[in-house]
Amino acid sequence: MSVIPIEYYLILSAFMFVVGVIGVFIRRNAIVVFMCIELMLNSANLALVTFSSYIGNPVGQVFVFFVMTVAAAEAAVGLAIIIAIFRNKQTVNIDEINIFKW
Amino acid sequence: MIKYIYLAVLFPLIGFLINGFFGRKIKSELTIGIIGSSTVGIAFLISLLAFVQTIQFPVEQRTNTVELFTWLSANGLNIKFAYLVDQLSLTMSLIVTGVGFLIHVYSIGYMHGDKGFWRFFAYLNLFIFAMMNLILGDNFVVLFLGWEGVGLCSYLLIGFWYDRKFEKGTTADAAKKAFIVNRIGDFGFLLGLFLIYQTFDSLNFQDVFSKAQTFLINENTFNLIALFLFIGATGKSAQIPLYIWLPDAMAGPTPVSALIHAATMVTAGVYMVSRASILFASAPTVMMIIAVVGLLTAFLAATIGLVQNDIKKVLAYSTISQLGYMFLASGVGAFSSSIFHVMTHAFFKALLFLGAGSVIHAMHEEQNIQNYGGLKNYMPKTYFTFLIAALAIAGFPGFSGFFSKDEILWYAYVNGGFIFWFGGAVTAMLTAFYIFRLFALTFLGNERFDHHKYHPHESPSVMTIPLIILAILSILGGYVGIPEIFSDQEGNLFKNWLEPVYKSAEEKLLTSSFHSHFEEVLLMLISVLLALCAIYIAIYVYTKNIFVIDKLKKRFVKVYNLLFNKYYVDEIYDSIIVRPIKIVSEKILWKFTDSIIIDGMVNGVAEIVNIFSEKIRRIQNGLVQFYALIMGVGIVLILFWIIVNL
Amino acid sequence: MNFTILIFGILSLIAVVSSVLMITRKNAVISALFLIINFFALAGLYLLLNAQFIAVAQVIVYAGAIMVLFLFVIMLLKTENEPLIFSQNKLLKNFAILIGILIFVQFAYLIFYAKPSNSLIQNEVQSVKIGTIQTIGRELYTNYFIPFEIAGFLLLAATIGAIILAKKKFE
């Protein structure tokens, strides 16, 4: 009944992923960079759910479940790190956090 | 039990691991000593059981192989870690573990109170482990493993008292000398192995030996292989020209001298020649060289032994001389006689060294025999056992040395010729003389030591019991090899037992010249008479009439100095080999090749890398996003590559 | 039929627009709000794919929990509106966008090259069945039991780690 070809979903997923990638590359605010990473994870989730639904195998959705778990853990720890950095440097601007230098 | 022969190798290793890793923690010397000795004792029992089992087999089933695992495998080269249990290896392992066990027990008493007690036992056990690998190995590689292992242990044990003075340097110098001289021999041995592999395409004993019998191979190849192997043997078994390390090896504790530098390790070369008998039998030129080198070594070492004053030095030169005998026997094709002499020599030479150790122990580390004298009243057990050993080495009829030495002399006469017999007999006389000189100066005559300084006393029974056992063996050990003329039906038991191992070699040598029993008895009588005269003269001169010696010394002062300074061999080696090498090393290899060329290259490369990295490190700008961008570029390139390859 | 496509069109348009707006807003709070919109659109798309459980989880976990966490942190840190929201280096910025576009083009090329719709046509009944919480729950508690437990531990560790990191001082 559904006539939406799988390519539509995949292109949408790819587009969102690339938007996330560009965001990671160019945004200066560490929190926004973080949100871009969430966006990338979600685009991957979309691809997983799409394939799961089209192939007819629930494993893809189980995987999405795990991705969400990891994303939650990552958000918790990552934001804690950002808070710690902010406490030390008084900024979340990535350009100014460049101690890993030659 | 044959299947479990590897346990005989494993137990000493376990002992080494326990004493080596935890010995420092174990406070009780007795515990360490028991661990060290019992593991060797168990190894001896296992060997004995394997021996008993083997002797019940019919002759053709007495050679067994115990495979443990594949050690190396690389394109055609397939080295198995396997043990060969046959007549020869069983005989050797019985000698090594048996004498080794007694010396371990003796060491408990001798090393009492030494701060390195645990280290000593760990090294000794490691030595037994390596030696068993050498003996039992089923191929040249396992043999080589043991060969190097015993060299290492020898080095460690010579330098055991690394902080003590020894002659002009320290014991560490002596240890280094032993190691480096051995290395020269090992290099030859290794070349021999390469050549064997190239020629026979295998390193397994049975493969190589059967191919050596059947393949049509140039005699020159055989000569070269045998020569290289013999060079290895000269290093390990202290033959001319590489014998110089053994006298210095006396820097180690006396039980070490007894175990490693008299009874077992130094006979490794004899064993190896014996094991590869077919290869040597196929190389008549090298056989001749071996016989000549053996005879020369025996003779020259005996002459040096005549005038030495250090009790252990005399015994060291005696060892070199006796090893010369063994090579003389191998060189004339009497392989079983040489192993027979290995066995009897292990008994009486270990006994001599342990007796000497007992004396040194009693005399508070004094080693100069001129400062001994009349010790028989103080240490009767040592005196008596030492006497037995001296009689055995002098070839007194009925003692073990008599049987083995006369067998060698007989074969030297039959297969070599009158010259070899004569040289051997004269050496036997010299042997009898120097050993009884030593004996007389130590135990008989006036007490020349300072009574306030020295209080000689008999050693504890943990030391004397091994002496007594070895004394019994020194007497009885010879009766397994009674010559055929004295035992009508059975023939020479020891020879018959080892016969199958040398069958192919003896077929190749084909010595069937007829000699009457009369000749044999005559020669035997002559050599015995010579020995008896020497014994009598030595005792008479050194107890009653010592000024005769002083007169002789003055008369032949040049000869005396030549002998006393050991023919100046060390000095000659030093000036023609060691010093040129040092000069070349310093001037050319160090100052030019190393400092300028190699360092220049290495530093130059580093400099170039440095210049580039100065530029490139700017990429590390610390901006995470820049790194991510580079990663993105990578992803683009990978995807591009995938698309292109679709 | 057309209705489905219509819904897909609307939802995907929302997702695309909200994601682009998210990375171009100066204010981080607004960015976060756009991301939430994006997540809701995704939840709708999941429903369209008959993945009910994931759709619900998406709303609860992402839009509900994670984004709230983000908003809290943004407000906690009081990051002011910065005049320069992108990296200063213009060249680098353009290059980054170029790389992103290149990746997208390559993805798209690969997707159309593979033409998965030739072999994969959604089976409505099947996809409804696998999307239920029952199927996923069974899968989680049987085949993926150990990963499931490990995920639990991961969350515990993350909780503790976050507390340790965000604490004011290390004792």
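Residue numbers (the working numbering), protein chains in the order written: chain F, 10 to 111; chain U, 384 to 1029; chain C, 5 to 175.
No residue lacks a Cβ here, since even glycine has one placed at the ideal position from N, Cα and C.
Practice task
Identify the continuous alpha helix (DSSP H) that holds residue 450(U) and give its terminal residues.
Solution key: For residue 450(U), no alpha helix (DSSP H) encloses it; the enclosing beta strand (DSSP E) starts and ends at 447 to 457.
Practice task
Report the option in 30(F), 50(F), 63(F), 40(F) whose CA atom is closest to the CA atom of residue 100(C).
Solution key: Closest option to residue 100(C), Cα to Cα, is 30(F).
Handout entry: residue 110(C) Cβ short of 6 angstroms to the ligand FAD heavy atom set
Key = The model on display carries no ligand, and the ligand FAD is accordingly not part of it.
Problem - Close beta carbons around residue 19(F), own chain, < 8 angstroms, minus the five adjacent residues each side - result: Closer than 8 angstroms at Cβ, skipping near neighbours: 56, 59.
Practice task
Can you have a look at residue 628(U) and say buried or exposed, based on whether 16 or more other CB atoms are within 10 angstroms of its CB?
Solution key: Buried, since its Cβ has 16 or more Cβ neighbours within 10 Å.
Problem - Ranges of the alpha helix (DSSP H) found wholly within the stretch 905 to 986 of chain U, counting only runs of at least 4 - result: Listed in chain order, the complete alpha helix (DSSP H) runs (minimum 4 residues) inside the stretch 905 to 986 of chain U are 930 to 938, 940 to 947, 952 to 956, 962 to 967.
Handout entry: Contacts around residue 427(U), its chain only, beta-carbon distance under 6 angstroms, and the 5 residues preceding and following it disregarded
Key = Closer than 6 angstroms at the Cβ level, and outside the excluded window around residue 427(U), lie 480, 481, 484.
Practice task
Enumerate in chain order the residues of its own chain whose CB-to-CB distance from residue 113(C) is below 6 angstroms, with the five nearest sequence positions on each side excluded.
Solution key: None.
Problem - chain U within 7 angstroms of residue 107(F), Cβ atoms only - result: Yes - at least one Cβ of chain U is within 7 angstroms of the one on residue 107(F).
Practice task
Check whether the Cβ atoms of residue 35(C) and residue 29(C) sit closer than 7 angstroms, and answer yes or no.
Solution key: Taking C-beta atoms as the reference points, residue 35(C) and residue 29(C) count as a pair closer than 7 angstroms.
Practice task
Starting from the beta carbon of residue 1007(U), find every residue of chain F whose beta carbon is closer than 7 angstroms, and list them in chain order.
Solution key: Simply 103.
Exercise for the section: Compare the C-beta of residue 106(C) with all C-beta atoms of chain U and state if any pair is closer than 7 angstroms. Expected result: So, interface residue.
Problem - Short-range partners of chain U found in the stretch 32 to 45 of chain F, where Cβ spacing is below 7 angstroms - result: Within the stretch 32 to 45 of chain F, contact with chain U at the beta-carbon level (separation under 7 angstroms) is assigned to 33, 34.
Exercise for the section: Output yes or no for whether 7 angstroms exceeds the beta carbon distance between residue 761(U) and residue 839(U). Expected result: Residue 761(U) is a Cβ neighbour of residue 839(U), given a cutoff of 7 angstroms.
Exercise for the section: Mind checking the stretch 984 to 1012 of chain U against chain F and listing, in chain order, the residues whose C-beta falls within less than 8 angstroms of any C-beta there? Expected result: Residues of the stretch 984 to 1012 of chain U that bring their beta carbon within less than 8 angstroms of a beta carbon in chain F comprise 1000, 1001, 1003, 1004, 1005, 1006, 1007, 1008, 1011, 1012, in sequence order.
Practice task
Please check the pair residue 494(U) and residue 636(U), which I expect to be a contact at CB under 8 angstroms, by giving their CB distance rounded to whole angstroms.
Solution key: Indeed they touch by this definition, with Cβ atoms about 7 angstroms apart.
Exercise for the section: Look at the Cβ atom of residue 16(F), then the Cβ atom of residue 64(C), and state whether they are nearer than 7 angstroms. Expected result: Not in contact: residue 16(F) and residue 64(C) (Cβ atoms no closer than 7 angstroms).
Exercise for the section: Look at the Cβ atom of residue 884(U), then the Cβ atom of residue 436(U), and state whether they are nearer than 7 angstroms. Expected result: Contact: no.
Handout entry: Cβ shell of residue 565(U) (< 6 angstroms), same chain only, five flanking positions each side left out
Key = The beta carbon of residue 565(U) lies closer than 6 angstroms to those of 534, 618 in the same chain, with the five residues before and after it left out.
Handout entry: Where the alpha helix (DSSP H) through residue 1006(U) begins and ends
Key = No alpha helix (DSSP H) contains residue 1006(U), which DSSP labels as neither H nor E.
Handout entry: residue 1019(U) at chain C interface by Cβ criterion, 7 angstroms
Key = Interface with chain C (7 angstroms Cβ-Cβ cutoff): residue 1019(U) is included.
Practice task
Using DSSP bridges, identify the partner residues of residue 468(U).
Solution key: Beta-bridge pairing links residue 468(U) to 447(U).
Problem - Any chain C beta carbon closer than 7 angstroms to residue 51(F) - result: Taking CB atoms only, residue 51(F) has a neighbour in chain C less than 7 angstroms away.
Problem - Coil, strand or helix - residue 807(U) by DSSP - result: Correct three-state label for residue 807(U): helix.
Problem - Sequence-distant residues of its chain with Cβ nearer than 6 angstroms to residue 856(U) (five each side left out) - result: Within the same chain, residue 856(U) has close Cβ partners 730.
Practice task
Report all residues from its chain with a CB closer than 6 angstroms to the CB of residue 647(U); omit the five preceding and five following residues, and keep chain order.
Solution key: Sequence-distant Cβ neighbours of residue 647(U) in its own chain, meaning closer than 6 angstroms and more than five residues away, are 479, 514.
Exercise for the section: Kindly list, in the order they appear in chain F, the residues whose Cβ is closer than 9 angstroms to that of residue 349(U). Expected result: Residue coverage of chain U in this structure runs from 384 to 1029, which leaves residue 349(U) outside it and unanswerable.
Practice task
Select from 957(U), 882(U), 1029(U), 997(U) the residue whose C-alpha is nearest the C-alpha of residue 445(U).
Solution key: Closest option to residue 445(U), Cα to Cα, is 882(U).
Problem - Any chain C beta carbon closer than 7 angstroms to residue 580(U) - result: For residue 580(U), the answer is no, since every Cβ of chain C falls outside 7 angstroms of its Cβ.
Problem - Rounded straight-line distance, which links the Cα of residue 477(U) to that of residue 768(U) - result: If I take the Cα positions, the gap works out to 22 angstroms.
Exercise for the section: Within 10 angstroms of the Cβ of residue 630(U), are there 16 or more other Cβ atoms? Answer buried if so, exposed if not. Expected result: By the neighbour-count criterion, in which 16 or more other beta carbons inside 10 Å mark a residue as buried, residue 630(U) falls on the buried side.
Problem - Environment of residue 1017(U) [buried if 16+ CB atoms lie within 10 Å] - result: Counting Cβ neighbours within 10 Å, residue 1017(U) comes out exposed, since fewer than 16 surround it.
Handout entry: Option nearest residue 707(U) by Cα separation, candidates 748(U), 775(U), 792(U), 774(U)
Key = Looking at the Cα atoms, 792(U) is the closest of the given residues.
Practice task
Measure the C-alpha to C-alpha separation of residue 142(C) and residue 148(C) and round it to an integer number of angstroms.
Solution key: Computed Cα separation, rounded: 9 angstroms.
Problem - Nearest candidate by alpha-carbon position, reference residue 695(U), set 972(U), 685(U), 750(U), 829(U) - result: Nearest neighbour of residue 695(U) by Cα position, chosen from 972(U), 685(U), 750(U), 829(U), turns out to be 750(U).
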